[in-house]
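Protein sequences appear in the order of chains R and B.
Letter by letter, the first sequence follows residues 1 to 310 of the numbering used here.
Letter by letter, the second sequence follows residues 1001 to 1134 of the numbering used here.
All residues carry an ideal CB built from backbone N, CA and C; glycine is no exception.
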Amino acid sequence: MNFLENSKPLLLIHDAMQSVDSSETFDIMLSPQFYTLKREDLPVRFHFQAKKLAPSVLENLLPAEGNYEYYVFKEEDLWAFIAYDPEEISRFLQSRGVNAEQVSKLYFAQQVSEKFSIPVLLDSKNALSNVQESATVVPEILLPKETQYQDYNETFRPKTGVSFGVGMHSVIEKKEAWTIGAIFLIFALMFAIEGARYSRVIGTMQEKVALLLQDYPALQSQYARENIAKKYRKIDKEERHKREVLKDLSRLVLPGVEVESLLMGRKSFSVTLECPDEKSVIRVQSLAKEKQYKASRAGSENLVKIEGSL
Amino acid sequence: MIWKRYQNEAIVLLAFTVMTAGYLYKSSSADSLDRVKAEVALSATEVGEIIALKKQWGNEKLTKSISRINLNIAPDKIKQFSVKSKKLQASYRGLSDKEMNGIILKLENIAVQIVKLGVKRKGSSYNMEIVCKW
Chain R
1 MNFLENSKPL
11 LLIHDAMQSV
21 DSSETFDIML
31 SPQFYTLKRE
41 DLPVRFHFQA
51 KKLAPSVLEN
61 LLPAEGNYEY
71 YVFKEEDLWA
81 FIAYDPEEIS
91 RFLQSRGVNA
101 EQVSKLYFAQ
111 QVSEKFSIPV
121 LLDSKNALSN
131 VQESATVVPE
141 ILLPKETQYQ
151 DYNETFRPKT
161 GVSFGVGMHS
171 VIEKKEAWTI
181 GAIFLIFALM
191 FAIEGARYSR
201 VIGTMQEKVA
211 LLLQDYPALQ
221 SQYARENIAK
231 KYRKIDKEER
241 HKREVLKDLS
251 RLVLPGVEVE
261 SLLMGRKSFS
271 VTLECPDEKS
281 VIRVQSLAKE
291 KQYKASRAGS
301 ENLVKIEGSL
Chain B
1001 MIWKRYQNEA
1011 IVLLAFTVMT
1021 AGYLYKSSSA
1031 DSLDRVKAEV
1041 ALSATEVGEI
1051 IALKKQWGNE
1061 KLTKSISRIN
1071 LNIAPDKIKQ
1081 FSVKSKKLQA
1091 SYRGLSDKEM
1101 NGIILKLENI
1111 AVQIVKLGVK
1121 RKGSSYNMEI
1131 VCKW
């Protein structure tokens, strides 16, 4: 099996062609009735340069109305410029029972003009022949009577052709479609690059955390971290509070005041201070109440008991 | 056939689909990044906090350094001073008010958990009991 072999039939398109009753896909070769040809000796080297010049080269040869496309190829020392109207061709094909979508490749008889040195009979009146290096439709009557004709067959297929029938019903033109498509793809690429960059950053951050936790295996679980943090936060809060209380109590030991007793446990504290006089008692009680502690006189002496919770 | 008929629209649609996929990929990556950032920040803060708190309130070196609360205290006033399993039990007799105050100040500045602190005046001196752990 040869996958490179083109299995599509090659139809020669000319005005007198018969209708085609088939739904298969074809390649078509246009007779000169469907294109305009001009050969020019232009000082251009590359195909794309020549193609750019095609509209101006053929400008005066084409009717103003018509939406033309161009095909350019090199014929020895000359550039061959071909203009064709895809819509006109499509309409003609439709009249012969062929939808534009059934056409795969489009070729031009001019591409194989030398093969028409032996003419191909198109109908009873016309033949396709090579006249001065151009494939030309000539009336059969003008050809010598002894002229031998050849059958049109697969050997006429040129090496290169033009895609045809693609997007014939599209609202968007081919050029626009490729432009819009390219813009979308550029955006897609930008998004993909940005997304990939984010992914790399995520990887780096996760590595950093893993590295940090490597030194503290016990903290690798989020649950364990929460529990340990909760435990130490509680200790920190309680112990700071105890020290604040001790500082507050030391401020209550005014000149002349002596500590009678102090008891600080897990949940509460109490301190008894002996004051030298009534004035000190009132002052100590007042200061203790400012700190939201419970202060009361203990016994008949100048003793003040201060209590609070931890 | 239909593909060929609307090939231009199909090209645009395909490119648009690719762009949308790219956008969704970028968006999901950005969301993941935000989530991971928050997680990493939280983890780093948590770990840092835990390490700091553990170093402060669970410092292994305290077993050695806790004995410094006895500085400038005459040995005969120290009735008990035992450190076992990161727990201190100490009692003092006949401390002056300055000595008692000094011990409390030192205790305040050492990161131990005060379980019990008891002070009782006996005449002009103080008896003291301390239970703490770390």
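- Annotated three-state conformation of tyrosine 71 of chain R is strand, per DSSP.
- Setting aside the 5 residues that flank it on each side, leucine 12 of chain R is surrounded in the same chain by Met29, Tyr152, each with a C-beta closer than 6 angstroms to its C-beta; the list follows chain order.
- Lysine 1120 of chain B: member of the beta strand (DSSP E) spanning 1113-1122, first to last residue.
- In this structure, lysine 242 of chain R and isoleucine 1130 of chain B do not form a Cβ contact; the two beta carbons are roughly 13 angstroms apart against a cut-off of 8 angstroms.
- Under the three-state reduction of DSSP, serine 1028 of chain B is assigned to helix.
- Measuring C-alpha to C-alpha distances from alanine 298 of chain R to each of R:Lys291, R:Glu290, R:Leu287, R:Val271 identifies R:Val271 as the nearest.
- Minimum Cα-Cα distance from glycine 1048 of chain B among the listed residues R:Arg157, R:Val44, R:Tyr71, R:Ala229 corresponds to R:Ala229.
- Less than 7 angstroms separates the beta-carbon of phenylalanine 184 of chain R from that of alanine 1015 of chain B.
- Not a single CB atom of chain B sits nearer than 7 angstroms to the CB of aspartate 27 of chain R.
- Under the criterion of beta carbons closer than 8 angstroms, valine 253 of chain R and valine 281 of chain R do not qualify as touching, at roughly 13 angstroms.
- Where isoleucine 235 of chain R is concerned, the enclosing alpha helix (DSSP H) starts and stops at 222-252.
- At least 7 angstroms separates the CB of tyrosine 1092 of chain B from every CB of chain R.
- At a cut-off of 7 angstroms between C-beta atoms, tryptophan 1134 of chain B does not count as an interface residue with respect to chain R.
- Serine 31 of chain R is not a Cβ neighbour of glycine 97 of chain R, given a cutoff of 7 angstroms.
- Ranked by Cα distance from leucine 106 of chain R, the options R:Ser95, R:Ile82, R:Lys125 are led by R:Ile82.
- Not one beta carbon of chain R lies nearer than 7 angstroms to the beta carbon of serine 1096 of chain B.
- When secondary structure is reduced to three states using DSSP, isoleucine 1130 of chain B falls in the strand class.
- Residue range 126-131 is occupied by the beta strand (DSSP E) that includes valine 131 of chain R.
- Any Cβ of chain R closer than 7 angstroms to the Cβ of valine 1040 of chain B would place that residue at the interface, and such an atom is present.
- For tyrosine 1023 of chain B, the secondary structure class from DSSP, reduced to helix, strand or coil, is helix.
- The CB of leucine 1053 of chain B comes closer than 8 angstroms to the CB of Ala229, Tyr232, Arg233, Ile235, Asp236 in chain R, given here in chain order.
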